[in-house]
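Engineer:
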Amino acid sequence: MDDKRNSLLTIGLVCAVLLVLGVADLWNSDRVYSEAENRVLASRPAFSWESLFTGEYGDAYEKYMSDQFVGRDKWVGLKTRADIHFRKKEINGVYLGADRYLIGVNDPDEYTEQMENSRVASLTKLVNHWDAKVMLVPTADNILTDKLPAFAPYYDEERLLMKVQDSIGEDHYIDVYHALQEHAQEPIYYR
Numbered sequence: 020m021d022d023k024r025n026s027l028l029t030i031g032l033v034c035a036v037l038l039v040l041g042v043a044d045l046w047n048s049d050r051v052y053s054e055a056e057n058r059v060l061a062s063r064p065a066f067s068w069e070s071l072f073t074g075e076y077g078d079a080y081e082k083y084m085s086d087q088f089v090g091r092d093k094w095v096g097l098k099t100r101a102d103i104h105f106r107k108k109e110i111n112g113v114y115l116g117a118d119r120y121l122i123g124v125n126d127p128d129e130y131t132e133q134m135e136n137s138r139v140a141s142l143t144k145l146v147n148h149w150d151a152k153v154m155l156v157p158t159a160d161n162i163l164t165d166k167l168p169a170f171a172p173y174y175d176e177e178r179l180l181m182k183v184q185d186s187i188g189e190d191h192y193i194d195v196y197h198a199l200q201e202h203a204q205e206p207i208y209y210r
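Under my numbering, think of the first position of the sequence shown as 20, with each following residue one higher.
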């Protein structure tokens with residue numbers, strides 16, 4: 020009899036928690052932006068029978084619910100602390116670097132030679148048309164390589180910057196890569 024009573028008590032407790040969270044969620048006002056994640060949150064999707072039958076409504080509503088549930092910032096903070104505690108290398112596109120640096124991931128597989136050449140050609144055309152100067156500032160993962168997790172891949176921006184400099188000419192290119200690299204041990208990027 021005790022097993023049956025314990026099972027009923029557990030089921031009742033789970034149902035009560037779900038009911039309380041459901042009611043709290045009804046009173047929870049939608050937020051547009053998450054300061055903690057620095058991103059726009061999903062808004063309630065518009066209902067239509069067509070979107071319901073195609074599955075679009077369900078997908079959009081699931082995203083909405085995951086962005087708008089009660090106490091979301093606290094849960095996200097708890098998950099982040101757990102990830103740090105378990106020494107994860109990356110959380111949502113950000114490397115957890117040495118000395119508490121958070122460094123954005125630039126996946127080298129996302130860039131192709133054709134894409135680079137096309138963009139360099141477009142930039143060269145603009146620079147020549149406007150007789151402008153260009154300063155391309157490298158991202159933290161290229162300057163603070165010693166702060167990256169072991170074996171973390173990063174996009175080789177120095178090679179791209181040299182390609183740009185060769186294409187537009189030294190008169191139009193302001194090189195900051197080497198200056199930043201010389202001062203990499205100083206706090207030149209935000210932590």
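Note that the Cβ used here is the ideal one computed from N, Cα and C, for glycine as well.
Is the beta carbon of E109 closer than 9 Å to that of A171?
Structural biologist: yes
Engineer: Residue range of the alpha helix (DSSP H) that L212 falls in?
Structural biologist: Nothing about residue 212 can be reported from this structure: the residues present for the chain run from 20 to 210 only.
Engineer: If you drop the 5 nearest sequence neighbours on each side, which residues of the same chain put their C-beta closer than 8 Å to that of V113?
Structural biologist: Result list for V113: L121, I122, G123 and V124, in chain order.
Engineer: Using beta-carbon positions only, say whether L145 and V183 come within less than 9 Å of one another.
Structural biologist: no
Engineer: Whole angstroms are fine: how far does the CA of I193 sit from the CA of D185?
Structural biologist: 12 Å
Engineer: Relative to the C-alpha of D118, which residue among S48, Y208, D22 and V195 is closest?
Structural biologist: With distances taken between CA atoms, D118 lies nearest to Y208 out of S48, Y208, D22 and V195.
Engineer: Is it the case that the region 64-84 contacts the region 23-39, given that we only count it when at least three CB pairs across the two stretches are under 8 Å?
Structural biologist: no
Engineer: Answer with buried or exposed for I103, where buried requires no fewer than 16 other C-beta atoms within 10 angstroms of its C-beta.
Structural biologist: exposed
Engineer: Within the same chain, show all residues whose beta-carbon is closer than 8 Å to that of V89, passing over the 5 residues directly before and after it, in chain order.
Structural biologist: L40, A43, D44 and N47
Engineer: Within this structure, are the beta carbons of Q87 and L115 separated by less than 9 Å?
Structural biologist: It is not a contact, given that the beta carbons lie outside the stated cut-off.
Engineer: Starting from I122, follow the beta strand (DSSP E) in both directions and report where the run begins and ends.
Structural biologist: Start and end: L121 to G123.
Engineer: How is the beta strand (DSSP E) around Y114 delimited, first residue to last?
Structural biologist: V113 to L115
Engineer: Measuring CA to CA, which of L71, A55, D78 and G74 is closest to S62?
Structural biologist: D78
Engineer: Cα-Cα, which of R50, A151 and T73 is closest to D92?
Structural biologist: R50
Engineer: Is the distance from the Cβ of Y174 to the Cβ of L167 below 9 Å?
Structural biologist: No; because the gap between Cβ atoms is not below 9 Å, this pair is not in contact.
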